[in-house]
Amino acid sequence: MRSMTRRVISGRYADSAIRLRAVRKYFGMNQKDFAANADIQYKSYNQWETGDFRVSIPGAIKLRERYGISMDFIYLGNIDALPTKMANELMSILRDNASNKSNDNGDD
Numbered sequence: 000m001r002s003m004t005r006r007v008i009s010g011r012y013a014d015s016a017i018r019l020r021a022v023r024k025y026f027g028m029n030q031k032d033f034a035a036n037a038d039i040q041y042k043s044y045n046q047w048e049t050g051d052f053r054v055s056i057p058g059a060i061k062l063r064e065r066y067g068i069s070m071d072f073i074y075l076g077n078i079d080a081l082p083t084k085m086a087n088e089l090m091s092i093l094r095d096n097a098s099n100k101s102n103d104n105g106d107d
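In numbering that gives the first Met the number 0, the protein residues as written are 0 to 107.
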C-alpha cells in the first residue's frame, strides 16, 4: 500500500497551484491522467500544481480547451468565469483545502 504524503503548497505560484489542484479534484483524477488528458507533460503539470512554476499560456489554453476552466480562473482566481455548477463545487473544494491547511502530494 502506498503511503500518502501530505504537502502544503508553498511555491511562488501557490495561488494558481491551489486552483489547479481543486479543478483536478473536481474531475476526480490524479495528476498524470489529468495532464495526459489535456496533452500536457506530467512533469510540467506537476510543477504548476506544486506552485514551483507559473502555468504557461499554451498549457492554460490546453486546460481551458479540455476542462472548460477559464484562464481568468487559472491566473486570477475569477470564479465568475466558470460554469455555475463547476464554480460552486470548486468553491467547496477550495474552502475545504483552506480549512485543512495541508494538501496531499497530488498522486491520489
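We put the beta carbon where it would ideally sit given N, CA and C, even for glycine.
- Item | Run of the alpha helix (DSSP H) containing G58, from where it starts to where it stops | I56 to Y66
- Grab me the residues of L93's own chain with a C-beta within less than 6 Å of its C-beta, minus the 5 sequence neighbours each way, in chain order. A21
- Run through DSSP, which three-state label would S98 get? helix
- Opening and closing residue of the alpha helix (DSSP H) in which D154 lies: Outside the displayed range of the chain (0 to 107) lies residue 154, so it cannot be described from this structure.
- Message: Between which residues of its own chain and E48 is the CB-CB distance below 6 Å, once the five residues before and five after are set aside?
- Response: A16, L19, R20 and G105
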